[in-house]
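**Q** Let me begin by handing over the structure; questions about it come next.
Protein chains: 2
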Amino acid sequence: MIDKLVEKIKKTNAPIVVGLDPMLSYIPEHIQKKAFQEKGETLEGAAEAIWQFNKGIVDAVYDLIPAVKPQIAMYEQFGIPGLMAFKKTIDYCHEKDLVVIGDVKRGDIGSTSAAYASGHIGTVAVGSRTFHPFGEDFITVNPYLGTDGIKPFTDVCKEEKKGLFILVKTSNPSSGEFQDRLIDGRPLYEHVGEMVAQWGADCMGESYSYVGAVAGATYPEMGRILRKIMPKSYILVPGYGAQGGRGADLVHFFNEDGLGAIVNSSRGIIAAYKQEAYAKFGPEHFGEASRAAVEDMKKDINEALH
Amino acid sequence: MIDKLVEKIKKTNAPIVVGLDPMLSYIPEHIQKKAFQEKGETLEGAAEAIWQFNKGIVDAVYDLIPAVKPQIAMYEQFGIPGLMAFKKTIDYCHEKDLVVIGDVKRGDIGSTSAAYASGHIGTVAVGSRTFHPFGEDFITVNPYLGTDGIKPFTDVCKEEKKGLFILVKTSNPSSGEFQDRLIDGRPLYEHVGEMVAQWGADCMGESYSYVGAVAGATYPEMGRILRKIMPKSYILVPGYGAQGGRGADLVHFFNEDGLGAIVNSSRGIIAAYKQEAYAKFGPEHFGEASRAAVEDMKKDINEALH
Chain X
15 MIDKLVEKIK
25 KTNAPIVVGL
35 DPMLSYIPEH
45 IQKKAFQEKG
55 ETLEGAAEAI
65 WQFNKGIVDA
75 VYDLIPAVKP
85 QIAMYEQFGI
95 PGLMAFKKTI
105 DYCHEKDLVV
115 IGDVKRGDIG
125 STSAAYASGH
135 IGTVAVGSRT
145 FHPFGEDFIT
155 VNPYLGTDGI
165 KPFTDVCKEE
175 KKGLFILVKT
185 SNPSSGEFQD
195 RLIDGRPLYE
205 HVGEMVAQWG
215 ADCMGESYSY
225 VGAVAGATYP
235 EMGRILRKIM
245 PKSYILVPGY
255 GAQGGRGADL
265 VHFFNEDGLG
275 AIVNSSRGII
285 AAYKQEAYAK
295 FGPEHFGEAS
305 RAAVEDMKKD
315 INEALH
Chain C
15 MIDKLVEKIK
25 KTNAPIVVGL
35 DPMLSYIPEH
45 IQKKAFQEKG
55 ETLEGAAEAI
65 WQFNKGIVDA
75 VYDLIPAVKP
85 QIAMYEQFGI
95 PGLMAFKKTI
105 DYCHEKDLVV
115 IGDVKRGDIG
125 STSAAYASGH
135 IGTVAVGSRT
145 FHPFGEDFIT
155 VNPYLGTDGI
165 KPFTDVCKEE
175 KKGLFILVKT
185 SNPSSGEFQD
195 RLIDGRPLYE
205 HVGEMVAQWG
215 ADCMGESYSY
225 VGAVAGATYP
235 EMGRILRKIM
245 PKSYILVPGY
255 GAQGGRGADL
265 VHFFNEDGLG
275 AIVNSSRGII
285 AAYKQEAYAK
295 FGPEHFGEAS
305 RAAVEDMKKD
315 INEALH
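Residue numbers (the numbering used here), protein chains in the order written: chain X, 15 to 320; chain C, 15 to 320.
Okay, here's the thing in structure tokens:
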């Protein structure tokens with residue numbers, strides 16, 4: 015799947031992933047109203063609004079981008095109906111031939127990580143049959159529990175040709191509280207980065223590993239160091255746009271081949287119609303606003319890279 | 015909710031939580047067969063088997079214990095039907111007046127943690143209405159992202175009188191890879207433990223904080239240190255039984271008031287009928303085997319404590 019991701023990035027010339035993180039407040043009123051008329055002001059109604067919103071965005075941008083990243087929390091908060099919209103979104107994005115990165119940040123002791131891996135990127139057996147319950151192509155994983163919490167995920171990646179992005183240096187303001195603390199003179203995130211490189215070494219695709227990392231655009235200098243520590247790991251870079259990261263900050267996350275990183279924007283794309291720059295589209299044309307925002311992001315990043 | 019948990023622990027004289035982590039391989043064949051006859055060898059069939067198994071165990075042990083801890087991964091691996099069994103299990107345990115600890119190990123940047131908090135221990139608004147989507151009483155949380163990833167959870171705890179157990183020192187063999195690394199001369203888990211004490215300081219119930227910690231029975235000496243660092247935090251102790259922890263190892267996790275810790279056993283209780291000690295019950299009477307295992311665990315812990 016890393017090979018497909020790289021190929022699609024080259025083809026679209028867009029190292030961009032659109033974060034499908036639909037807060038109800040991002041969803042235009044006409045969509046919410048219609049969904050609530052059909053399904054009531056219920057969890058099902060919220061899920062329907064989310065699904066219609068996602069569909070509108072995916073239909074508007076799918077040919078410009080290689081991948082989407084639905085953040086499962088935004089669906090899980092609406093319980094079972096929300097998770098049904100998560101699954102429906104994954105399936106629809108696959109129909110559009112998009113690579114789907116499930117931003118699930120799971121991670122636990124071995125047997126439990128194995129269950130998460132089965133559910134999200136692998137298969138589960140029931141009697142004589144097997145199923146792909148959620149069916150993402152990549153998922154994000156938390157490294158706090160160490161190797162035996164990660165191995166069940168890499169095992170499934172090898173079998174299924176799926177991939178991971180492991181949290182190394184997150185984009186949020188307090189990420190440094192633990193991640194930046196010095197161990198033997200170097201911050202924890204560097205040690206985690208080294209382990210990511212190790213975990214990924216025997217999970218190689220053509221030029222990059224199935225095992226990637228997450229490092230926030232909000233910390234570009236740290237990205238530069240991590241790029242060297244994990245030369246074969248793709249870096250998923252959140253924090254661009256709404257969280258403060260800019261195109262020029264992103265250069266360090268890429269390798270000299272112009273590859274090696276994929277930059278996420280969520281709010282900046284999916285709620286573009288709410289920004290002054292794209293207000294002219296209006297809520298009725300939120301998809302077109304998202305498309306314009308993707309094109310601007312692509313330009314911003316490509317200008318910084320070249 | 016911490017007050018209810020403490021009260022129920024005193025009343026049952028059992029600082030025990032039963033981990034409802036149903037692997038299909040633990041579920042007696044007659045239950046699987048019936049479920050597959052009704053719903054097919056499908057995710058729905060697996061979910062039905064899990065639910066019937068859980069119900070059998072809860073019915074057999076609910077009067078002996080204060081709390082249960084369903085591990086969401088074991089449900090999530092069966093997709094949407096699995097998660098419906100998770101929710102059904104939570105609701106049934108509430109009917110039996112059990113405290114429900116959702117072992118979800120979520121944790122993300124602020125806005126995302128807020129969504130997880132809403133979905134699991136809080137409420138979510140849809141139009142003019144609000145819902146409690148999953149409705150656990152406590153959840154487990156991963157601290158890797160620092161304070162702004164934790165605060166949305168503690169905010170919801172204050173509003174809803176719910177609680178957290180934050181991962182500090184996990185029970186798995188490789189937990190030390192990052193958690194034991196020395197920072198300013200002390201292991202990372204001690205620093206995390208100090209933050210747990212801080213986060214919990216303004217979330218106090220009568221005698222303990224809503225904000226607890228996870229520390230594995232497999233590392234009793236570390237439990238002793240953590241007990242002192244976080245005197246007001248309840249410690250959820252996994253790793254007893256099948257993972258190797260024994261009653262005598264648990265003493266350090268408790269305070270002098272005999273409180274302050276709650277010990278989880280999953281496989282050791284729910285798959286008791288598969289162990290030699292309880293084989294006499296047979297798969298048909300798996301619930302009675304679990305009841306006997308709870309009684310033995312209670313005896314083992316209380317002998318160690320007194």
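The beta-carbon is built from N, C-alpha and C at its ideal position, and this holds for glycine as well.
Could you name the residues of the same chain whose beta carbon sits closer than 7 Å to that of E208 (chain X), not counting the 5 residues immediately before and after it, in chain order?
**A** Hits under 7 Å: I243.
**Q** When you compare the CB of I243 (chain C) with every CB in chain X, is at least one pair closer than 9 Å?
**A** I243 (chain C) does not count as touching chain X.
**Q** Quick check on M88 (chain C): buried or exposed, where buried means 16 or more other Cβ atoms within 10 Å of its Cβ?
**A** Looking at its Cβ environment, which holds 16 or more other Cβ atoms inside 10 Å, M88 (chain C) is buried.
**Q** Nearest CA to the CA of R241 (chain C): which residue from C:V225, C:R260, C:G274, C:Y222?
**A** Comparing Cα positions, the closest option is C:G274.
**Q** Considering only C-alpha positions, which residue in the set C:G124, C:I197, C:F179, C:G141 is nearest to D162 (chain C)?
**A** It is C:G124.
**Q** Using only the alpha-carbon positions, how far apart do L97 (chain X) and P147 (chain C) sit?
**A** So the two alpha carbons sit approximately 11 Å from each other.
**Q** Can you name the residues of chain X whose CB is closer than 7 Å to the CB of V31 (chain C)?
**A** Ordered by position in chain X, no residue passes the 7 Å Cβ test against V31 (chain C), which lies about 16 Å from the chain.
**Q** Are there 16 or more other CB atoms within 10 angstroms of the CB of R120 (chain X), so buried, or fewer, so exposed?
**A** Burial call: buried.
**Q** How about S185 (chain C) and Y233 (chain C): are their beta carbons less than 9 Å apart?
**A** It is a contact, given that the beta carbons lie within the stated cut-off.
**Q** Checking the sheet assignment: what are the DSSP bridge partners for I115 (chain C)?
**A** DSSP lists C:F152 as partners of I115 (chain C).
**Q** At the 9 Å Cβ level, is S188 (chain X) part of the contact set with chain C, yes or no?
**A** Answer yes: the Cβ-Cβ gap between S188 (chain X) and chain C drops below 9 Å somewhere.
**Q** Taking contact to mean 3 or more Cβ pairs, one atom from each stretch, closer than 8 Å, check whether the stretch 171-191 of chain C and the stretch 166-182 of chain X are in contact.
**A** Contact fails: fewer than three Cβ-Cβ distances are below 8 Å.
**Q** Thinking just about the alpha-carbon of each residue, which of C:I283, C:E309, C:H299, C:G59 is nearest to the one in D35 (chain C)?
**A** Among C:I283, C:E309, C:H299, C:G59, the Cα nearest to that of D35 (chain C) is on C:I283.
**Q** Terminal residues of the continuous alpha helix (DSSP H) containing D61 (chain X)?
**A** According to the sequence provided, residue 61 (chain X) is Ala. The question's Asp does not apply to it. First-last of the alpha helix (DSSP H) with A61 (chain X): 57-75.
**Q** Nearest chain X C-beta to R238 (chain C) closer than 9 Å, yes or no?
**A** No, because no Cβ of chain X sits closer than 9 Å to the Cβ of R238 (chain C).
**Q** Spatial neighbours of G133 (chain X) within its chain, please: CB distance less than 7 Å, with the 5 preceding and 5 following residues excluded, ordered by chain position.
**A** Cβ within range, chain order: P147, F148.
**Q** Which parts of the stretch 197-268 of chain X are runs of the beta strand (DSSP E), unbroken and 3 residues or longer, counting only runs that do not cross its ends?
**A** The qualifying runs are 225-229, 249-251.
**Q** On a Cα-Cα basis, can you pick out the residue from C:F92, C:G141, C:G199 that is closest to E58 (chain C)?
**A** Measuring from the Cα of E58 (chain C), the nearest candidate turns out to be C:F92.
**Q** Our contact map puts S247 (chain X) next to V210 (chain X) with C-beta atoms below 8 Å; I'd like the distance itself, whole angstroms only.
**A** Right, their Cβ atoms sit about 6 Å apart.
**Q** Considering only the alpha carbon of each residue, which of X:P252, X:I16, X:H205, X:P29 lies closest to N316 (chain X)?
**A** N316 (chain X) has its Cα closest to that of X:P29, out of X:P252, X:I16, X:H205, X:P29.
**Q** Using C-beta distances below 7 Å, list every residue in its chain close to F100 (chain X), excluding the 5 sequence neighbours before and after it, in chain order.
**A** For F100 (chain X), where only same-chain residues beyond five positions count, the Cβ hits under 7 Å are P84, I86, Y89.
**Q** How many Å lie between I16 (chain C) and L181 (chain X) at the Cα?
**A** I16 (chain C) and L181 (chain X): Cα-Cα distance of roughly 31 Å.
**Q** Just grab the DSSP bridge partners of L181 (chain C) for me.
**A** According to DSSP, L181 (chain C) bridges with C:V228.
**Q** Return the bridge partner residues of P84 (chain X) from the DSSP annotation.
**A** P84 (chain X) pairs with X:L34.
**Q** Return the residues of the stretch 134-145 of chain X that lie within a Cβ-Cβ distance of less than 9 Å from chain C, sorted by chain order.
**A** Of all residues in the stretch 134-145 of chain X, H134, G136, V138, A139, V140, G141, S142, R143, F145 have a Cβ within less than 9 Å of some Cβ in chain C.
**Q** Check the Cβ-Cβ distances between K119 (chain C) and every residue of chain X, and say whether any is below 9 Å.
**A** K119 (chain C) counts as touching chain X.
**Q** If you run the structure through DSSP and keep just helix, strand and coil, what is A285 (chain X)?
**A** The answer is coil: DSSP assigns A285 (chain X) none of H, G, I, E or B.
**Q** Quick one, are the C-beta atoms of A231 (chain C) and G253 (chain C) less than 9 Å apart?
**A** Going by C-beta atoms, A231 (chain C) is nearer than 9 Å to G253 (chain C).
**Q** Just curious, the alpha helix (DSSP H) that N278 (chain X) is in, first and last residue?
**A** Looking at the DSSP string, N278 (chain X) is not in any alpha helix (DSSP H); the run it does join, the beta strand (DSSP E), is 275-279.
**Q** Put R143 (chain X) into one of helix, strand or coil per three-state DSSP.
**A** In the structure shown, R143 (chain X) sits in a strand (DSSP, three-state: E or B).
**Q** The stretch 148-174 of chain C: which residues have C-beta closer than 8 Å to a C-beta of chain X, in chain order?
**A** Listed by position along the chain: F148, N156, P157, Y158, L159, G160, T161, D162, G163.
**Q** Give me the DSSP bridge partner(s) of V138 (chain X).
**A** Answer is X:F145, bridged to V138 (chain X).
**Q** Within 10 Å of its beta-carbon, does Q46 (chain C) have 16 or more other beta-carbons around it, so buried, or fewer, so exposed?
**A** Label assigned to Q46 (chain C): buried.
**Q** Please confirm if the stretch 258-274 of chain C is in contact with the stretch 292-302 of chain C, defined as three or more CB-CB distances below 8 Å between the two stretches.
**A** No, because fewer than three Cβ pairs between the stretch 258-274 of chain C and the stretch 292-302 of chain C fall closer than 8 Å, the two stretches do not touch.
**Q** Could you list the residues in the stretch 53-67 of chain X with a C-beta less than 8 Å from some C-beta on chain C, going in chain order?
**A** Within the stretch 53-67 of chain X, the residues whose Cβ lies closer than 8 Å to some Cβ of chain C are E55, T56, L57, G59, A60, listed in chain order.
**Q** Should N27 (chain X) go down as buried or exposed, given a rule of 16 or more other Cβ atoms within 10 Å for buried?
**A** Exposed is the call here.
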